[in-house]
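**Student:**
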Amino acid sequence: MNQHGFLASSSEVGDKYRCFIYGEGEKNTQWVFGAPPRYDVVNKLFEQGRTKVWPPGSLEEKVQNLVKTMEMELFHKSNPEDYKTIDPKRFTFIVNAKETAESAHVTFRTAFPRGFAFEVVQLYSGPPVIAYKFRHWAYMEGPF
Numbered sequence: 000m001n002q003h004g005f006l007a008s009s010s011e012v013g014d015k016y017r018c019f020i021y022g023e024g025e026k027n028t029q030w031v032f033g034a035p036p037r038y039d040v041v042n043k044l045f046e047q048g049r050t051k052v053w054p055p056g057s058l059e060e061k062v063q064n065l066v067k068t069m070e071m072e073l074f075h076k077s078n079p080e081d082y083k084t085i086d087p088k089r090f091t092f093i094v095n096a097k098e099t100a101e102s103a104h105v106t107f108r109t110a111f112p113r114g115f116a117f118e119v120v121q122l123y124s125g126p127p128v129i130a131y132k133f134r135h136w137a138y139m140e141g142p143f
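Heads up: the sequence shown begins at 0 in numbering that gives the first Met the number 0, then just goes up one per residue.
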């Protein structure tokens, strides 16, 4: 397992908080914008604004990183068959009064160019049903 608690090579290079962006398992992934996303800016926002630093390998850290990875897959992988965090045959997704994920993504990236930071604040229950409290924040620095 890597630092995110996912199965991966210990030499995996990539994002500190998300899996399934780089590596052999993603060599055939179809990306919405033609290449894997970069999270340097939003990771900095997260690190500067977070209120919790979970112990490495803790369930809280794993859930937090899983949610970040799931968001990355939903908004950046164009083929649902490339998703590894959800079952695309059982998952449905509706955004802002049935706006498409793509149009919502463009709107939010324009209004919030540094992205949305996300952190798990409290974990109420562990697997198989996970319930958690979270915090999501951004700076509106563009038109909306």
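For every residue, glycine included, the Cβ atom is placed at its ideal position computed from N, Cα and C. Remember, predicted model here, so these are calculated numbers, not experimental data.
1. Quick one, which of Thr-106, Lys-97, Thr-68 and Trp-136 has its alpha-carbon nearest Phe-115's?
2. Short of 6 Å in beta carbon distance, which residues of its chain neighbour Asp-14, apart from the five on each side in sequence? Order them along the chain.
3. If you measure between the beta carbons of Ala-110 and Phe-143, is that distance less than 8 Å?
4. Arg-134 bridges to which residues according to DSSP?
5. Under 8 Å, do Val-120 and Ser-77 count as touching if we go by C-beta distance?
6. Around the Cβ of Lys-51, are there at least 16 other Cβ atoms within 10 angstroms (buried) or fewer (exposed)?
7. With a threshold of 7 Å on Cβ separation, who are the neighbours of Ile-129 within its own chain once the five nearest residues in sequence on each side are excluded?
8. Of the residues Gly-22, Met-71, Ala-96 and Arg-89, which one's Cα is nearest the Cα of Val-41?
9. Given a threshold of 16 other Cβ atoms within 10 Å of its Cβ, counted over all protein chains shown, does Lys-67 qualify as buried or as exposed?
10. For a test of the three-state rule: what should DSSP assign to Glu-25, helix, strand or coil?
11. So, helix, strand or coil for Ser-77, using DSSP?
12. So, Asp-86 versus Thr-28, is the Cβ gap smaller than 8 Å?
13. Just the Cα atoms here: how many angstroms apart are Ser-124 and Leu-58?
**Tutor:** Answer, in terms of the structure:
1. Trp-136
2. Ile-20 and Tyr-38
3. yes
4. Glu-118
5. no
6. exposed
7. Val-62
8. Met-71
9. buried
10. helix
11. coil
12. no
13. 10 Å
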